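In our numbering, the protein residues as written are 30 to 964.
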């Protein structure tokens, strides 16, 4: 709204606003507004034509009334008429009214579009900016259809003023976000890119002139932040020189952040920290530089105890994302005590919530009990606004990292005791499922819940859990006189009158179960069922259950009763519904990359599961465990045509993972989770877990557009079930694939994806990243046993050797992490040379087990890598592992002094990581690798 100026101040508007502010009650305000609406309506309908000033004044009044929350059903045509005025203030009010009140489906859109076209062609920069602002504010599809072709012309025209270019760029971005299928930038892209060199653009290059500008000793902080934010829209650069310069820039920013401040002014620290946090966001986005990630984590750790609340908040928020990276997770864990202290002592609830989020993100099997205990302790005094979310997180962590399920039962029961009102049905349903599926915890669960029910004040959710578990497994504790059948029944029934109808219904079912488990309680329970309060209950559900259960217990024989009331069978294994509840609580996209990465560091089967399913893919509803849209665990990997060569995987190299690779699944040799494919339309995320010869893979198909994908189909070259055929804009669906390694195999399954977007058929084929090392079982052994087995396999046909130069220096910690990522056990203090790395593992297949040994010998003087593998000639799988490991240690591309030596004398090259469907002729085919690496 324009400022009130002398000579054009709209005094009537000022008086009206003053009257509204002086109203003493809501009724007085409504009365004054109705009076003004009647006056405006009469003016618009009057015979006398209004001048531009009067129209502007009355339209402003209508806009003010609308902003107060009242409906406006007239005045739209007068606002449109203001668009044809040659006065800036009148045209401005007209555009403002249209931007706020006119619906995209309005009948006036055609008139509005004509007025906008006139202003865009007028070459008056002020009028052009007003029109562009209106297009961007409305942002409707109709606007995009009308002006998507005109705005790029304005943007790249040589005679367009800089202020208009800025408005045109922002307007084009708005239309591209709302209707990407209508904004076709193919012919304009190259010309728009050149605008980055325009020193007057908001987003421009760091030219010499701009570098001279400093703000409180910080060079061009706004420009630096925008450039760092712009880089986060793209994958890491493929050019090594460009990437090296970028890494150098990021290192410089981290170094400067450690320097003493050049000024005590808050503006200096704000500008400096703004650049630092954008740089850390870029480092997290790339997720490919271990040293930078660890440095960023340490830098953020210094802010955790900073006196500024905003810095503590931002540090906790950024560290949540760092916790999901395989490179920085351990570094984040070193700050656990500081984060716990923040959870206990922070005065700002938003900072406490971020601290809880970080504890959740950094949790793994090594610290789960400590973190869960601290979160439970905090729950007792936590703010009511975050209790439900905290309860869900505690429940998820307790289930995910429960090795001892008695600890899991204790945790959930404590959760119900501390915050019972915030424990959703999904939580106590889940504990019931896990107890039923695990025989070893059923007796403990019955005993623990029986003790919990003895508390004078017992939450209703505890009664639900107690009724279900005692009804199923009360017999396991009935031998103790203190928990005899009648004692159990009386304890449950003492809570009956305090419970809601659904809980009473559950208790009635527990009673009839008691009759089957403990015949001696039959008469007592029948008396309860026969009472008027049950068979004449006003609630039809309770009445029907009481009558039916009474009749069943009276006429059914013991055998029939036992059959009808037998124990619940194990629940089928499935994804925990608690994750879905957490995602719904936090909103779309809020369950961050942590959920996608949560299985990266932990193996083992899904907790609480029953029998494993068959080798099939299962269509599912939108994922409860990860939201990939707008998230990146790594750079997008485009599909590549299968090469004739081997599947050699550079996982030890520090080269840019976005560099073109022979296969799209190479990035997943040492990790199980990430983004498998991404383009402008579709993002495919993957999360997998393996145990022995079994595996499970989750595929997440995310629609990055606002338009539906229709006829969406996925086809595997194995038996599978279809995925949901329609993906809404901004939504995703999940597909689950169960995997079993029967024997060694040559080709990974091919996934073909077809769907229609905007009428055009999209077709994509990818290889699923299923490699033989996923079925490694780590094996510990002493030094004597290792070298004894190493020396036993010395026949020519059991050896293979590779020698090649390294492309990159080897970081010890990164190397250890990647060796562990291959699935083998890293054996400490086994090799006499402390610089060598020794590993052992067993490949688990259904047919047999294949033992494997590995030895990595860095050789700084030789400046190369030498490898020897010892194996049976039929064992092509282990042979191919050697090829993979050689490239893992730094080989990429042709040349580089690579030598391949195979001791069987055949001269044939070793097979790559290919899986042939053949049987191994040895039970214990041991792999021995000797590698020399420049340091």
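The beta-carbon is built from N, C-alpha and C at its ideal position, and this holds for glycine as well.
Predicted, not measured: the structure shown is a model, and the values here were computed from it.
Distance check for residue j and residue i, CA to CA, integer angstroms please.
i           : j           : result
residue 452 : residue 512 : 27 Å
residue 44  : residue 183 : 42 Å
residue 235 : residue 351 : Low confidence applies to residue 235: its pLDDT is 30, below 50, so where it sits in the model is not reliable enough to give any reading.
residue 127 : residue 60  : 26 Å
residue 618 : residue 552 : The pLDDT assigned to residue 618 is 39, lower than 50, so where the model puts this residue is not dependable, and the model offers no usable value.
residue 53  : residue 83  : 29 Å
residue 285 : residue 296 : 16 Å
residue 386 : residue 776 : 40 Å
residue 495 : residue 579 : 22 Å
residue 430 : residue 394 : 5 Å
residue 42  : residue 123 : 16 Å
residue 293 : residue 362 : 32 Å
residue 303 : residue 250 : 8 Å
residue 965 : residue 471 : In the structure as shown, the chain begins at 30 and stops at 964. Residue 965 is therefore absent and cannot be evaluated.
residue 357 : residue 874 : 33 Å
residue 142 : residue 179 : 12 Å
residue 192 : residue 252 : 17 Å
residue 737 : residue 174 : 18 Å
residue 696 : residue 739 : 30 Å
residue 557 : residue 409 : 37 Å
residue 525 : residue 457 : 19 Å
residue 348 : residue 359 : 12 Å
residue 442 : residue 491 : 7 Å
residue 281 : residue 364 : 24 Å
According to DSSP, is residue i part of a helix, a strand, or is it coil?
i           : result
residue 769 : strand
residue 137 : coil
residue 756 : strand
residue 46  : helix
residue 157 : helix
residue 290 : coil
residue 878 : strand
residue 807 : strand
residue 510 : helix
residue 821 : helix
residue 796 : strand
residue 41  : helix
residue 868 : strand
residue 717 : strand
residue 726 : strand
residue 594 : coil
residue 346 : helix
residue 101 : coil
residue 856 : strand
residue 711 : strand
residue 703 : strand
residue 281 : helix
residue 791 : strand
residue 732 : strand
Please determine, among the options, the residue with the shortest C-alpha to C-alpha distance to residue i.
i           : options               : result
residue 711 : 730, 517 and 507      : 730
residue 506 : 477, 528, 489 and 460 : 477
residue 533 : 104, 562 and 757      : 562
residue 796 : 886, 883, 864 and 698 : 698
residue 447 : 348, 754, 104 and 402 : 402
residue 886 : 719, 865 and 874      : 865
residue 328 : 809, 482, 306 and 79  : 306
residue 120 : 130, 131, 129 and 108 : 108
residue 877 : 722, 434 and 131      : 722
residue 63  : 85, 97 and 564        : 97
residue 853 : 720, 871 and 73       : 871
residue 314 : 323, 299 and 263      : 263
Can you round the beta-carbon distance between residue i and residue j to whole angstroms, since I take them to be within the 8 Å contact cut?
i           : j           : result
residue 502 : residue 543 : Residue 502 to residue 543, Cβ: 12 Å. No contact.
residue 5   : residue 204 : This structure does not reach residue 5, given that the chain is present from 30 up to 964, and the question cannot be answered.
residue 111 : residue 81  : 7 Å
residue 208 : residue 258 : Not quite, the Cβ-Cβ distance comes to about 23 Å (not below 8 Å), so this is no contact.
residue 582 : residue 541 : 6 Å
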